[in-house]
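Novice: Once you've had a glance at the structure underneath, I'll fire off some questions.
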Amino acid sequence: MKRTLLLAFLVALTLGAAGPPQTAAPKNQNIGPPSTGFPRTVRVRLWYLHRPATLKLSAAAGQARFRTCSTCKDIELTSVTLSASGTKLRLNAEKHTIAELRVSGIYQMKTAEGLAVPADFPLDITASEGRLLTTATMPMDEYIAGVLAGEVGNFKSDEALKAIAVAARTYAMHFGSRHAQEGFDFCDTTHCQDLRLSGMTSRMRQIAESTSGEVLWYEGRPAAAYYHANCGGTTEDGRILLTNDDGPAPYLKQHSDAYCVRNGVTQWQSEITKRDLQRALAADGITVPGTLRSVSVVQRTPSGRAETLRVAGASTISVSGVQFRSAVGRHLGWEKLKSNWYDLSVSGDRIVFHGRGSGHGVGLCQIGAEVMGEEGKTYQEILAYYYQGTKLGKSAQGIAWQKLTGENIELLTTRPDSDRMYLPIAARLTRDAQVNTGLTFTDIPQWEIYPNVAIFRDATGEPGWVAAATRGRTIQTQPAEVLKQAGTLESTLRHELLHMLIEAHAKPGTPVWFREGLVLYLSQPNVAAGSKSTFSNVSELEEAIRNPHGEAQLRQAYTDAHARVSRLAQQYGKQTLIDWVQEGLPTGVGH
Ligand SMILES: [Zn+2]
Ligand SMILES: [Zn+2]
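Numbering (our numbering), first residue to last: 1331 to 1921.
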């Protein structure tokens, strides 16, 4: 499987100046909306609703490894059956139990009922109440490919799939980590987004990667990109789902959708007994006094969907259409009320529903998108049709950048008056970087100073503890005064400029730990080279730098890479290392 390495070289905000870490709490400076940015990977809880009691893991020889605690030794994975025993795990039929299992490499997993699922992402497994809690750490695009498989695996149009991939990525970024308190980002159900690993194909991966990083923006923030299966001919206004946290979302407005009715309106019919309905409502905390006698729609949204229902028992209560459908869906099955667009009648002990469409109707209509794609529309046109007024791009759109030009550097800022003072510093550091390495910039470096931490996170997808990220010739940083207060402005810029130089000249395939370590060594050559490594081998270090499990691990990895390269510099000299990065590492180096 192709795993694209994102060329985002990060520097932790607290990194930089030698000595003890400085606590530059950027969180307190969060002026904008809550964090919605995501790092390159997401943590997904698999089998969230139906947690398996056992799981079989298998791999071809030499392909995968596992360990039974974070500091335990790696063991080769060939075939193990894992079962939950209370809050512990049991491997095969062994007597003793373990608290967790971590798997890495290329392997297969299979539950008792399910199909074998090929996987190449790190997996953490623990147990609770005799069930396995399985968390996958996946690259964002792998997650998006799994969502496409879950939502629209049978779609024909690539353009429709690309549009849905962008919507799914935008949705994930807008709503952020919904399960942070449980220790992961997303579940694999429609609560977050429906993920189906078993249905993932190379086509889905290609679609996700072909739109990699693309997001819909509204006023510098990822849009609330709701989507649904079939609007039935008219989409719904976003207000039925939006909360205050979502911010203004004029792009989610009601409009007629000729595309999804090209082949006729999708209609459905269902029946629910009064008893079942009363039970489902009660299970969601909606109590109908006495015995449920009748139901009626008393108010409809402008699109015609049920907005408020009246449910009569011994007395009468009002229930919103959204709550009503969610209670029925969760407790009686989502096929009972496919949408909120229905007429209902009471017939004896049953309620009969006649409806159209499927899903809440807000945002992108999947069937409409498929028809648009089949009629030759591009994914950009599909997205513009369903999210009118949003901007498509890889970084936050709608920011009013102004360019300041200095000697060999360009500075992009929203506050030219206060940021102008940083131009000479940047110019000096640019010169220094060239002198230090003997390399020259092939493009003029560009420094984007984001107006606040929240927009930085949204635009770059990096967490708030990251000070800067470099992509191509652009260095993106948190506000300059935030870095200045942390005492890391110069060290951050120096680090990123050196990265840009090294990346521009690096031979493809040069390990990231070496490039990171070399940049750290060049910016701080006098740091002790002798510290003991926390990673048992170079491939572990490489993995930690590519997919860090949070700030602490990334900092550890940086320290380790820095020490390794410092040792190499003592042995071979700086110039040799700069040659290596351009020509490739000699075999045997760094083991
Ligand atoms: Zn969820
Ligand atoms: Zn539609």
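Each residue gets a CB set at the ideal place from its N, CA and C atoms; glycine is no exception.
From which residue to which residue does the alpha helix (DSSP H) around residue 1647 run?
Specialist: Not the alpha helix (DSSP H): residue 1647 falls in the beta strand (DSSP E), residues 1646-1650.
Novice: Nearest by alpha-carbon distance to residue 1914: which of 1842, 1821 and 1856 is it?
Specialist: Out of 1842, 1821 and 1856, 1842 has the C-alpha closest to the C-alpha of residue 1914.
Novice: In whole angstroms, what separates the C-alpha of residue 1652 from that of residue 1778?
Specialist: For residue 1652 and residue 1778, the distance between alpha carbons rounds to 42 Å.
Novice: Consider the C-beta atom of residue 1501 and the heavy atoms of ligand 1; say whether any pair is separated by less than 8 Å.
Specialist: Outside the cutoff, so no.
Novice: Comparing the CB of residue 1780 with every heavy atom of ligand 2, is any distance shorter than 8 Å?
Specialist: No; taking the cut-off as 8 Å, the Cβ of residue 1780 has no heavy atom of ligand 2 nearer than that.
Novice: Using the three-state DSSP reduction, which class does residue 1769 fall into: helix, strand or coil?
Specialist: The answer is coil: DSSP assigns residue 1769 none of H, G, I, E or B.
Novice: My parser needs the alpha helix (DSSP H) runs of 4 or more residues fully inside the segment 1443-1501; what are they?
Specialist: Those alpha helix (DSSP H) runs which fall completely within the segment 1443-1501 and span 4+ residues are 1470-1482.
Novice: Quick one: does residue 1721 have its CB under 9 Å from some CB of chain B?
Specialist: This model lacks chain B altogether, as it is built from one protein chain only.
Novice: In the DSSP assignment, find the alpha helix (DSSP H) that holds residue 1627 and state where it starts and stops.
Specialist: Not the alpha helix (DSSP H): residue 1627 falls in the beta strand (DSSP E), residues 1624-1630.
Novice: Quick one: Cα of residue 1521 to Cα of residue 1498, how far?
Specialist: The straight-line gap from Cα to Cα measures roughly 13 Å.
Novice: When the Cβ atoms of the segment 1890-1905 are set against those of the segment 1813-1833, are three or more pairs found closer than 8 Å?
Specialist: Flag = no, the segment 1890-1905 and the segment 1813-1833 do not touch.
Novice: CB of residue 1593 to nearest heavy atom of ligand 4: below 8 Å?
Specialist: As presented, the structure is devoid of ligand 4, carrying ligand 1 and ligand 2 as its sole ligands.
Novice: Applying the criterion that 16 or more other CB atoms from any shown protein chain within 10 Å of the CB defines a buried residue, is residue 1361 buried or exposed?
Specialist: Per-residue confidence for residue 1361 stands at a pLDDT of 26, beneath the threshold of 50, marking its modelled position as unreliable; the derived number appears in the next sentence. Flag for residue 1361 reads exposed.
Novice: Would you call the segment 1683-1702 and the segment 1592-1600 touching, i.e. three or more CB-CB distances under 8 Å?
Specialist: Verdict: yes, contact present.
Novice: Take residue 1335 and list the residues in its own chain whose beta-carbon comes closer than 6 Å to its own, dropping the five residues that flank it on each side.
Specialist: The predicted model places residue 1335 with a pLDDT of 26, which falls under 50 and marks its position as unreliable, so this point remains unresolved.
Novice: Quick test of your reading: residue 1697 and residue 1489, contact by CB under 8 Å. State the CB separation rounded to the nearest angstrom.
Specialist: So it is not a contact: roughly 14 Å between Cβ atoms.
Novice: Which term fits residue 1445, buried or exposed, when burial requires 16 or more other beta carbons within 10 angstroms of its beta carbon?
Specialist: Exposed, by the Cβ-count rule.
Novice: Roughly how many angstroms separate the alpha carbons of residue 1491 and residue 1473, rounded to a whole number?
Specialist: Whole-angstrom Cα-Cα distance: 14 Å.
Novice: Under 9 Å between the Cβ atoms of residue 1441 and residue 1454?
Specialist: Their beta carbons are not under 9 Å apart, which means residue 1441 does not touch residue 1454 by this criterion.
Novice: In whole angstroms, what is the alpha-carbon distance linking residue 1350 and residue 1886?
Specialist: Because the pLDDT of residue 1350 is 27, which lies under 50, any placement of that residue in the model is unreliable, and the number read from its coordinates should be weighed accordingly. Between residue 1350 and residue 1886, the C-alpha separation is close to 13 Å.
Novice: Taking a contact to mean a Cβ-Cβ separation below 9 Å, would you say residue 1418 touches residue 1428 in this structure?
Specialist: Against a cut-off of 9 Å, the Cβ pair of residue 1428 and residue 1418 comes out as a contact.
Novice: On the three-state DSSP scale, how would you describe residue 1900?
Specialist: Helix, per DSSP.
Novice: At a cut-off of 8 Å, would you count residue 1589 as near ligand 2, judging by its Cβ distance to the nearest heavy atom?
Specialist: Yes - ligand 2 has a heavy atom lying nearer than 8 Å to the Cβ of residue 1589.
Novice: What three-state label does DSSP hand residue 1919 in the structure shown?
Specialist: Three-state DSSP puts residue 1919 in coil, outside helix and strand.
Novice: What is the DSSP secondary structure of residue 1922, counted as helix, strand or coil?
Specialist: Any property of residue 1922 remains undetermined from this structure, which presents the chain solely from 1331 to 1921.
Novice: With a threshold of 6 Å on Cβ separation, who are the neighbours of residue 1629 within its own chain once the five nearest residues in sequence on each side are excluded?
Specialist: Excluding positions up to five away in sequence, the list reads 1637 and 1638.
Novice: Report all residues from its chain with a CB closer than 6 Å to the CB of residue 1878; omit the five preceding and five following residues, and keep chain order.
Specialist: Closer than 6 Å at the Cβ level, and outside the excluded window around residue 1878, lie 1884.
Novice: Assign residue 1889 to one of three DSSP states: helix, strand, or coil.
Specialist: It is helical.
Novice: Determine the closest residue to residue 1745 out of 1786, 1798 and 1734, with distance taken between C-alpha atoms.
Specialist: Among 1786, 1798 and 1734, the Cα nearest to that of residue 1745 belongs to 1734.
Novice: Compute the minimum distance between the beta carbon of residue 1519 and the heavy atoms of ligand 1, and state whether it is under 8 Å.
Specialist: It does: the Cβ of residue 1519 is within 8 Å (strictly closer) of some heavy atom of ligand 1.
Novice: Between residue 1500 and residue 1579, is the Cβ-Cβ spacing less than 9 Å?
Specialist: No. Outside cutoff.
Novice: Report the residue from 1827, 1835, 1834 and 1870 whose alpha carbon sits nearest the alpha carbon of residue 1850.
Specialist: It is 1827.
Novice: Looking only at its chain, what residues have a beta carbon closer than 6 Å to the beta carbon of residue 1831, apart from the 5 residues adjacent to it on each side?
Specialist: Excluding sequence neighbours, residue 1831 sits near 1763, 1767 and 1769.
Novice: My output table needs one value for residue 1561: the three-state DSSP class, helix, strand or coil.
Specialist: Residue 1561: coil per DSSP, three-state reduction.
Novice: Does the segment 1477-1489 come within contact of the segment 1518-1537, defined as at least 3 CB pairs closer than 8 Å?
Specialist: Touching, yes, given that three or more Cβ pairs across the two stretches are closer than 8 Å.
Novice: Please report the residue range of the beta strand (DSSP E) in which residue 1601 lies.
Specialist: Note, residue 1601: beta strand (DSSP E), 1597-1603.
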